[in-house]
Structure formats: C-alpha cells, structure tokens
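Student:
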Amino acid sequence: MKNKINRRDFIKKLGIGAGVTGLALAGCDSKSKEIAKTETTLTEIPTDKMTYRTNPKTGEKVSILGYGCMRWPTKSGDSARDAADEIDQETVNRLVDTAIAHGVNYFDTSPAYCKGRSERATGIALARHPRESYYIATKLSNFAPQTWSREASINMYRNSLKELQTDYIDYMLLHAIGMGGGMEEFQKRYIDNGMLDFLVAERDAGRIKNLGFSYHGDVAVFDWALANHDKYKWDFVQIQMNYLDWKHARELNPRNTDGEYLYGELEKRGIPAVIMEPLLGGRLSNVPDHIAARLKQREPEKSVASWAFRYAGTHPGVLTVLSGMTYMEHLEDNLRTYCPLEPLTDEEMEFLYDTADLMVKYPTVACNDCKYCMPCPYGIDIPSILLHYNKCVNQGYVVKDSQAENYAEARKAFLVGYDRSVPKLRQASHCIGCNQCSHHCPQGIDIPKELHRIDNYVESLKQQTI
Amino acid sequence: MKQDNISPTPKSKRKKTSALKLIRQIVAAVSIAMVTLLFLDFTGATHAWLGWMAKIQFLPALLSLNLAVIIGLIILTLVFGRLYCSVICPLGIMQDVFAWFGKKSKKNRYGYSPAKRALRYTMLAVMIVAIVAGIGGVVALLAPYSAYGRIAQSLLAPVWQWGNNLLASWAESRDSYAFYSVDVWLRGGITLAVAAVTLIALGVLAWRNGRTYCNTICPVGTVLGFLSRFSLLKPVIDTSKCNSCGLCARNCKGACINSKEHTIDYSRCVTCFDCLDKCNKGAISYTLRQPSVAKQSDRGATNASRREFMTVTAAIATSAALHAQEKTVDGGLAVIVDKKKPIRKTKIVPPGAKSIKNLESHCTACQLCVAACPNGVLRPSTALDSLMQPESSYERGYCRPECTRCSDVCPAGAIRPITVEDKSSVQIGHAVWVKANCVPLTDGVECGNCARHCPTGAITMVSSDVDNPDSPKIPVVNTERCIGCGACENLCPARPFSAIYVEGHEVHRTI
C-alpha cells in the first residue's frame, strides 16, 4: 500500500493524473477515494442509457452494442480465438453479467468460434439470466466440406440449440457466404442440400425468429442473396463495416467489397445491418501514433476505438455493432461509447474518412532504429530514411495528393527535412535493392521495398506529380 | 528635360545632390540588386520575376537576336546617351561603387585624357571576330555582363549560400522549414580565378580612374559610345558661365570633359550627371542644346593603368585550374567514394541548347545558368574554345525532369526556353554501359538502380547470360528512348566511375 501511495504521489507531482485512473482506483482506503475524485475523468457507466435499435419485423429493441463471442478469455488471459487453453468461464460469466447489467442484449456466437467452444461458454453464461432478457445469434457455419451434408448441417443446428441451452434462436445466420469458392461453394453449402429451405421452414415454425446471413469475399454471392430477397425475406444481414472499409476495403484486399456498397444495398431494401469488424481486427484501435494523436486530439478523453464504434453506430440502418470483447476494459470502453451513442456529425464523418485515407495510403514503417541493418554496403542510411518518413507521416506531412490543404507546407517539410536528415548520397534513391539488409531486420521490414516506395514518393513530390 | 537640377549655392560646401543624379543612383542601385539576386537565388523563385533583367543586357540580347531589346537600347542611347552604362550594366554600376569609395579617399582625383580610339575599335573588332568565329572564350572575357555574372556566381553566391546555410541551421534548431541548406560548390577553378582577377583589376581601376574599362575595353561601351555621340540629350557646358575651373573634369569618371576647350567626348560620357552636380557655376546642363564647340581632340598617351589591366587579363586566360575540394565526414556509415567525371567523347549541353554549336555561338558565359542549376549539373567548361560556357556532367546530380531553370534564365538564346514536357522528349545524349563497373557482375548483387530511375523507361534489366535466366541482371539501353538526363549515371552505385554514363549529342534530337 505504501508503495502505491508513493507512486500516486509521484504521478500527482507529474500532473498527469487524468491518464492513470487505473492506478488511482487500485487504492481503496478513504484517502485514495478522495484523491481518485480528482485523478480520474472516468465516471460510473450508467446502466440505463444504452442506445437501442428496433428490429423492423419484430419490433424488438436490440442494444447497439452486440457482444461478439469469438474471443472469450482463456485462463491464461489470452483470447480463446488463438489460445488452446481452457476458457475462463468465471470471467465469461462476469463479462456477460456486466454487459447485461448495462443493457447489452445481443450475443453473437457460432459453432466455429473459440475452436468450437464458444457456444457452450456463451450458453452457460447466458442461461444464468432470463431467456427473454437477451437475443442469441448463431450460425450455420461452414467448416470443412464433410459438414456440408444435410444431416451434418442439421446436427450442427441442433447442437447449437443444445449448447446454448435454448429451444429457439433469435438470429440465425448462414455463416460467411462468399468465402472460399464463392457462388459455387455457396450453392453446395446452403442450396443443394436444402439447408436454406430448412432454415426458412424453421423460421416459419418459430424456432428461428430472424434469418439472415453474414458475408465475406465474393460479392456475387452477396448480390445473389439480395436478388432473392423476395424469396427468402432476409430479416437481417451481417456485414463488415468500418471507416476504413467504407471506401478502401477493395484497395486493402481485392477479394473484399467496400462497406459503402454493402450497406447501401441493405439500406435500399430496408434490411437491418449487423456490423462485424467495426475495429477491423483491432487495426482501428491499435493505430499508428499519428493517427492515434489525430483522433485523440479531437476527443482527448475518449478512446481511439470509440471513434470506430461511434462510426458504425451512427448509420441508422444498423441494428447492432458486434465487438469481440476479451477483457473487461474493452467492454467498459464500449459501454461508455454506447451508453448512450453520440452519433457522429457529418464533419466528424469526413474527419474519419480523411483519417482512413491517411491510414491506407501512408502507413508508417515499423522501424525502431535498432540499426541492425547497418552499415549498408552501398552507404544508404536506412534507419534515418525510415525515421524521417515516419516522422513526416506522424506530423501529417505525407500527403495523398496535391489537393491536400497543407500540400505546399507538407512538400517543403518532407523534402527539406529529408535533406537535413539524410545526406543526398545516403538517400533512398541510391538503394540498389541488393537486399543484404532485410534479413537483419527484427521487425521483418522489406527494406528495399520500403526504400523504393519512399523514393517514389520523393520523386512524385519533386516532380509534383502528386 | 529642362534644367531641373538645382543650381548649387556657393555658400554651402555640402552640395545637395541633383535630382537627376539621385534618380540615376537609385535606379542603378535597384538594377544591380535585381541582377545580382538573379545569380544568388538558388531557389529559382525570383527568376520568373527578374529574368528580364538579364534579357535586357546588350550583348545577350544581341546574341539571341532579341530585336525589341536591341532597338530599345539603341533608342535609349540615342535619346539619353550611355545611360545604359550607368543604370543597366551591372559591371558599370559595380565600378561606380568602387569609384565612389575611391573618391571618398581622394577628392577630385580624375582628369581629362584623350580617347583611346585605336584600342577601343581594336577591342570591338576582336569581339566581332570572336563572335563570328565562335571563339566563346574571348567573347566571355570581353563581355561586361558576363564578367559581372562570373563575379556574382563565383564570388558572391558562395558567401550568400554560406549565409543561407547559417540561417538554415538556425531554422533547423527551431524546427522550421523556412530555410534549407544548399551545397556550396565552387565550380570551375578557371572561372573562379577569372572572376577574382576581374574583380580586383576592375576594382583597382575604378577606384583610381573611374570608367577606364568601359571606355577602352568594353565593346558594348564602344558601340553605345558611337551612338551616344548623336544623342538628343547630353550634358552641355555653357561657356558664358564656365570659369574653366576644371572641377567637372576632375570629377568625371569617364575622363571625357576637356574643361580647357569646354568640350565633352560624348562617346565616353556615361551620363552619370556627376558634372552637373559638381559645377559651382551651374554651367553644365543636361539639355537638347548642341555644344557651341563641337570638335573634340582626343589623341594622347596611353594610360599606364590600362596597359596594366590588359596584361592582367591576358594572364588570366592561362591561369591554372583550382580544384574545389569537398569532403563529408560520416560516423559509422560505409564510406562513399566521390564520383569522377568520365571521359566523354562528346560533351553534354542542357536541353534547350539545341546543339553544342548553338550554345557556343550564343553563350556569353555569364554563368547565370550555372548559378541557377539546382542539381549540381551545370558547370563552366574548361576547354579553351568554350571557356567558361556551361556544360553538363552528372557526378553530383542529374538533369532532373521537372527542372528547366537554365533555359528559363538564359538571356542570350544559348539555352532556349523549353517546357518540362518538351524536355522529356529531347535527347541531349545517350547512356552507355560499362561492363567492367556494373555491380551485379562485380559484387554479385541485384541492382537495377539505373532502370528503376530512368524517367523514360529506356533501360531494361536482362540476364547477363542469355541461356541462364538466373544469371545476374544487367542493364540494356534502348538509345531510341534515352534522353541523356544522367539519372542512371548519377544513381549508379559503381564508384568512382559509374557503370553507365552519358555520351553527349552534338545536335539534340527530339524523340
């Protein structure tokens, strides 16, 4: 305790109390509470402020924050998505309790999640609450082709009901249509075996309340499914959407489709959208420093991730936004964002799209100046070049095109700073690509590729082709 | 243009400067500042605004056949006399500055001397012959604007750049990008030596005797002097007021006032208005009136100092080259050997020059292009037939695709204006591969830096062994597409001699 007080005093002296709430909360004697008031900006999360969206078919109110159950924690403290050790059920229960206490009522799982262990863990945690206090979403997943038979598929479905300790599913999805073999695979997986018809019949029978699909990959499958909306009457569709994927999904991965298109198609048909990957696998939370600074500058007291969640939630056609929350801190942060949701203004939307442009076009290079790559036999000062580039990215001096507001300033800062940081003869233009450096790099940077990319950027600035 | 100069009051010793002289001084100061800035400005920012200052210089205008300027200057001279020499010619103004200091140290130091006609017309003849015969070195040595250009480029610019670099390091410490540092490169030892000697010789001459150079050597002075004899306006001595005190003659930097005979040699008068200012009696005025005594007599002894100057000038031409030394000190980085200039069969001249012949026949070697080149490409030639005229080489940089500065600034039509687009299709030379230096073969590493940076895509990397696709890749040049910009030569990792270098074209071609 003494140690903690000392640390607190120290921090207090530094005057950065606001950022160290966790430490302040750690002390629990009366004195520390007094200090906590002045040292924290985090207030209690309200339990009655959750934003809800209405399912147009059933009229049910769905919390804008949906719990993604693909990353339950394991006992070792990792995410069960990647770790093989036992799921920490106690923590799962605590997470679910906290979520429900704050108004979360949508839980999204799948037979495939957490190496097949998610539905059981989710079921255990949820069964401790009244069944009508939450909605369960699960999927007819598509593992290996041996599970594609009608019999295996129906078994999978029945097993989901069993694991989730329920006799009906609120939201049932065809899992990740468009993945793998595109239309052909979709046909085999859900049509030829009659499973889609089976699920439609289950919906008619009331054991499935809402039927939808989640989509990744081949857009032809997405288009086909929507073209047959009249036949299948999709109650909802789960898509990947975030401010980076809105316009850049295709750019980042040619197999993906821009969120703008996907959401637009759903909105046209009045189909509610369930959003997955609002954080793009954490990439919109663990952003480059300059992006973090850019976002933090606008909202110093909110998390970087909160921008992505507000973004997803701002779209009115969104029913719920899924977040796979492994840790209590993740859940708390998301609850703060959504209790209640403060929609983005148009200006903030633009700000995020500009941010996305920056992220896509000019990511920083992961160099931390260890100099293992040096000396370059041809005299290039590799770390200085990469650090100068990163510095410019961080300072917003790496521009996308000449229309950028600060183009003239950025161009000057980049070029003048380049000559200052790196003598001309040691600049990237002299890299011959012999690649004797890359295997020394602990960060695994493809050094010649990065140097040539930077050189191209320098050329385009000099020639003013951008 | 009546007598708008204020008559001096005999009572006061400190005389008020006449309006005409004041105007002349102000215009001259602005003019020399602008021309000098052209040579000093390495950013290229002022070239668009002040480029015309170089283009109104007499000899460049003549060589580029810029008729408007030539006619303008002729009319100017026919109306006002050799005003050109007082307010436009930077070398003339520079001499006035030295002369001003000279007069500070010793008052009334000049005196009348007869014209050196023979010398003047000989020098003019030499100049004409040199231009016609295309002996660039002689033209460059005699031309006044070029002489000033060399002084500004070789002597002033480095000082300016060092000053800039001081500011740049200060800016860097303040994290500002307002100033950036530049390489101070004392290119061309001969040019530097010529500039230094010219400056010293002219400085001494001007200090002691005023406009000696202008009235004996300068071919432009001779031509304009011939015209100014017929100018409308000229300083005239009113013999009814003149008491032959000789004050005017002793303050005439042109040594052209014969106060005893009340005559002025208008071919040497540079219209400085100093005499109007000096005359206590108000006997000299700048008017339309013809002088009462028209005949001039001007035969006399050769001025010793003039001979001295000629000797010095001749010595310059044979002076040895100074090699600019530069050295960079680095920490733990691999040592980079400086590149050496390859022996080129044909020299390279910048795009816009059209041909080596065109450049040599128009260039006055004023060094403006050399001063303007931001890429370390242009430097004064050391060859005798094109002494101090620019030529390109790529040890320090290459002729970058976005740059047309030399063609923008050239006042003489030696490097004609060219656009960035046109430049990309003008072949000033072609790249040649030197097998013995190529690093994939010598170091066994992948390279292709020449191909990667070729702006026209003229270089392809191919297997060195036709039958073995895994053999080291070497560059092959499609000379039809190569423009000779030197990116390959400059960025080639082989040192000191590149494995690929540019051979110039005598006549530039368009792809």
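Chains as they are written, first to last, in this note's numbering: chain A, 279 to 744; chain B, 616 to 1126. Virtual Cβ for every residue (Gly too), placed ideally from N, Cα, C.
Of the residues that make up the segment 1065 to 1098 of chain B, which ones have a beta carbon closer than 8 angstroms to any beta carbon in chain A?
Tutor: Correct list: R1067 and H1068.
Student: Report, in whole angstroms, the separation of the C-beta atoms of A:A415 and A:F385, which I expect to be a contact under 8 angstroms.
Tutor: Indexing the first sequence from 1 puts residue 415 of chain A at position 137. Indexing the first sequence from 1 puts residue 385 of chain A at position 107. Yes, they are in contact, since the Cβ atoms of A:A415 and A:F385 sit about 7 angstroms apart, within 8 angstroms.
Student: If you measure from the beta carbon of B:P984 to each beta carbon in chain A, is any gap under 8 angstroms?
Tutor: For the purposes of this step, residue 984 of chain B is taken as the residue at position 369 of the second sequence. This sequence places Cys at residue 984 of chain B; Pro is not what is there. Answer no: the Cβ-Cβ gap between B:C984 and chain A never drops below 8 angstroms.
Student: Provide the residue span of the beta strand (DSSP E) that contains B:W667, from first to last.
Tutor: Here residue 667 of chain B is taken as the residue at index 52 of the second sequence, counted from 1. Counting along the chain, B:W667 falls outside any beta strand (DSSP E), though it belongs to the alpha helix (DSSP H) covering H662 to K670.
Student: Applying a beta-carbon distance threshold of less than 8 angstroms, which residues of chain B neighbour A:K740?
Tutor: Position 462 of the first sequence holds residue 740 of chain A. The answer, in chain order, is R1015 and E1017.
Student: Residues of chain A with CB under 8 angstroms from B:G1063, in chain order?
Tutor: Residue numbering aside, residue 1063 of chain B sits at position 448 when the second sequence is read from its first letter. In chain order: I710 and G711.
Student: Could you work out which residues of chain A lie near B:I951, taking near to mean beta carbons separated by less than 7 angstroms?
Tutor: As a position in the second sequence, residue 951 of chain B is number 336, starting the count at 1. Going along chain A in sequence order, the residues near B:I951 (Cβ under 7 angstroms) are G657 and L703.
Student: Check the Cβ-Cβ distances between B:P850 and every residue of chain A, and say whether any is below 8 angstroms.
Tutor: In the second sequence, the residue the question calls residue 850 of chain B occupies position 235. No, its Cβ sits nowhere closer than 8 angstroms to a Cβ of chain A.
Student: Using alpha carbons as the reference points, say which of A:A498, A:L522, A:L489 and A:S699 lies closest to A:V638.
Tutor: As a working note, residue 638 of chain A is residue 360 in the first sequence. Ranking A:A498, A:L522, A:L489 and A:S699 by Cα distance to A:V638 puts A:L522 first.
Student: Any contact between the segment 651 to 664 of chain B and the segment 726 to 743 of chain B? By contact I mean 3 or more CB pairs, one from each, below 8 angstroms.
Tutor: With a cut-off of 8 angstroms, the segment 726 to 743 of chain B and the segment 651 to 664 of chain B do not count as touching, because too few Cβ pairs lie within range.
Student: Determine the direct distance from the alpha carbon of B:L706 to that of B:Y763, and round the result to whole angstroms.
Tutor: As a first step, residue 763 of chain B is located in the second sequence; it is residue number 148 there, counting from the start. As a first step, residue 706 of chain B is located in the second sequence; it is residue number 91 there, counting from the start. Those two C-alpha atoms are separated by around 5 angstroms.
Student: Quick one: which unbroken alpha helix (DSSP H) runs of 4-plus residues sit fully inside the segment 511 to 550 of chain A? Chain order, please.
Tutor: With a minimum length of 4 residues, the continuous alpha helix (DSSP H) runs that stay inside the segment 511 to 550 of chain A are 523 to 530 and 537 to 547.
Student: Return the bridge partner residues of A:M450 from the DSSP annotation.
Tutor: Locating residue 450 of chain A in the first sequence gives position 172, where the first residue counts as 1. Partner(s): A:T416 and A:L489.
Student: How would you write the range of the beta strand (DSSP E) that B:V1077 sits in, first residue to last?
Tutor: In the second sequence, counting from the first residue as 1, residue 1077 of chain B sits at position 462. Unbroken beta strand (DSSP E) run through B:V1077: I1074 to S1078.
Student: Going by the beta-carbon positions, is the gap between B:I805 and B:L1002 smaller than 8 angstroms?
Tutor: Stepping through the second sequence from its first residue, residue 805 of chain B is reached at position 190. Stepping through the second sequence from its first residue, residue 1002 of chain B is reached at position 387. Against a cut-off of 8 angstroms, the Cβ pair of B:L1002 and B:I805 comes out as a contact.
Student: Using the Cα positions of A:K327 and A:M554, report the straight-line distance between them to the nearest angstrom.
Tutor: Start at 1 with the first residue of the first sequence, and residue 327 of chain A comes out as number 49. Start at 1 with the first residue of the first sequence, and residue 554 of chain A comes out as number 276. The straight-line gap from Cα to Cα measures roughly 23 angstroms.
Student: Give, in chain order, every unbroken run of the beta strand (DSSP E) that is at least 3 residues long and sits entirely within the segment 564 to 612 of chain A.
Tutor: The segment 564 to 612 of chain A contains these whole beta strand (DSSP E) runs: 596 to 601.
Student: Can you round the beta-carbon distance between A:L442 and A:E397 to whole angstroms, since I take them to be within the 8 angstroms contact cut?
Tutor: As a working mapping, residue 442 of chain A is identified with position 164 in the first sequence. As a working mapping, residue 397 of chain A is identified with position 119 in the first sequence. At roughly 6 angstroms, the Cβ-Cβ gap stays under 8 angstroms, so A:L442 and A:E397 are in contact.
Student: In chain B, what lies closer than 7 angstroms to A:R698 by C-beta?
Tutor: Walking along the first sequence from the start, residue 698 of chain A turns up at place 420. What A:R698 touches in chain B: E787.
Student: For a minimum of 4 consecutive residues, which ranges assigned as the alpha helix (DSSP H) are wholly contained in the segment 763 to 813 of chain B?
Tutor: DSSP runs (the alpha helix (DSSP H)) wholly in the segment 763 to 813 of chain B: 772 to 788.
Student: Give me the Cα-Cα distance between B:C1021 and B:I963, rounded to the nearest whole angstrom.
Tutor: For the purposes of this step, residue 1021 of chain B is taken as the residue at position 406 of the second sequence. For the purposes of this step, residue 963 of chain B is taken as the residue at position 348 of the second sequence. Distance between the alpha carbons of B:C1021 and B:I963: 14 angstroms.
Student: Below 8 angstroms CB to CB, which residues in the same chain sit around B:H1068 once its five sequence neighbours on both sides are set aside?
Tutor: Along the second sequence, one-based indexing puts residue 1068 of chain B at 453. Taken in chain order, the residues that qualify are A1102, C1103 and L1106.
Student: What does B:V1041 pair with, by DSSP beta-bridge criteria?
Tutor: Reading the second sequence from its first residue, position 426 is the one you call residue 1041 of chain B. DSSP lists B:T1125 as partners of B:V1041.
Student: Going straight from the alpha carbon of A:A304 to that of A:T321, what length do you get?
Tutor: Along the first sequence, read from residue 1 onward, the residue named residue 304 of chain A stands at position 26. Along the first sequence, read from residue 1 onward, the residue named residue 321 of chain A stands at position 43. For A:A304, the predicted structure reports a pLDDT of 42, less than 50, and the residue's modelled location is therefore unreliable. A value from the coordinates is still provided. Between A:A304 and A:T321, the C-alpha separation is close to 15 angstroms.
Student: With a cut-off of 8 angstroms, does the C-beta of B:A919 fall near any C-beta of chain A?
Tutor: The count along the second sequence starts at 1 and reaches residue 919 of chain B at position 304. Since pLDDT at B:A919 reaches only 44, below the 50 mark, its modelled position is unreliable, and no value is offered.
Student: With a 10 Å radius around its C-beta and 16 neighbouring C-beta atoms as the bar for buried, classify A:K417 as buried or exposed.
Tutor: Position 139 of the first sequence, counted from the first residue, corresponds to residue 417 of chain A. Per the 10 Å Cβ criterion, buried.
Student: Tell me which residue opens and which closes the beta strand (DSSP E) that B:S900 is part of.
Tutor: As a first step, residue 900 of chain B must be located in the second sequence, where it is residue number 285. Looking at the DSSP string, the run of the beta strand (DSSP E) that includes B:S900 is I899 to T902.
Student: Report the residue from B:R639, B:Y1013, B:I852 and B:K722 whose alpha carbon sits nearest the alpha carbon of B:P965.
Tutor: As a first step, residue 965 of chain B is located in the second sequence; it is residue number 350 there, counting from the start. For the residues B:R639, B:Y1013, B:I852 and B:K722, the minimum Cα distance to B:P965 belongs to B:Y1013.
Student: Any idea what DSSP makes of B:Y1116, helix, strand or coil?
Tutor: Position 501 of the second sequence, counting from 1, holds the residue named residue 1116 of chain B. It is a strand residue.
Student: Candidates B:Y736, B:N780 and B:S784: which alpha carbon is nearest B:N830's?
Tutor: The count along the second sequence starts at 1 and reaches residue 830 of chain B at position 215. Of the listed residues, the one whose Cα sits closest to B:N830 is B:Y736.
Student: So that I know if they touch, is there some Cβ in chain B lying closer than 8 angstroms to that of A:H593?
Tutor: If you number the first sequence from 1, residue 593 of chain A lands on position 315. Not an interface residue.
Student: Which chain B residues sit within Cβ distance under 8 angstroms of A:H666?
Tutor: By 1-based counting over the first sequence, the position of residue 666 of chain A is 388. Per Cβ cutoff of 8 angstroms: no residues; A:H666 is ~13 angstroms from chain B at best.
Student: Do the segment 653 to 664 of chain A and the segment 577 to 593 of chain A make contact, defined as three or more Cβ pairs closer than 8 angstroms?
Tutor: They do not touch, by the three-pair rule.
Student: So for A:D386, helix, strand or coil by DSSP?
Tutor: As a first step, residue 386 of chain A must be located in the first sequence, where it is residue number 108. Here A:D386 sits in strand by DSSP.
Student: Smallest Cα separation from A:K339: which of A:E410, A:E577 and A:A403?
Tutor: Stepping through the first sequence from its first residue, residue 339 of chain A is reached at position 61. Closest option to A:K339, Cα to Cα, is A:E410.
Student: The segment 664 to 692 of chain A: which residues have C-beta closer than 7 angstroms to a C-beta of chain B, in chain order?
Tutor: Listed by position along the chain: K690 and A691.
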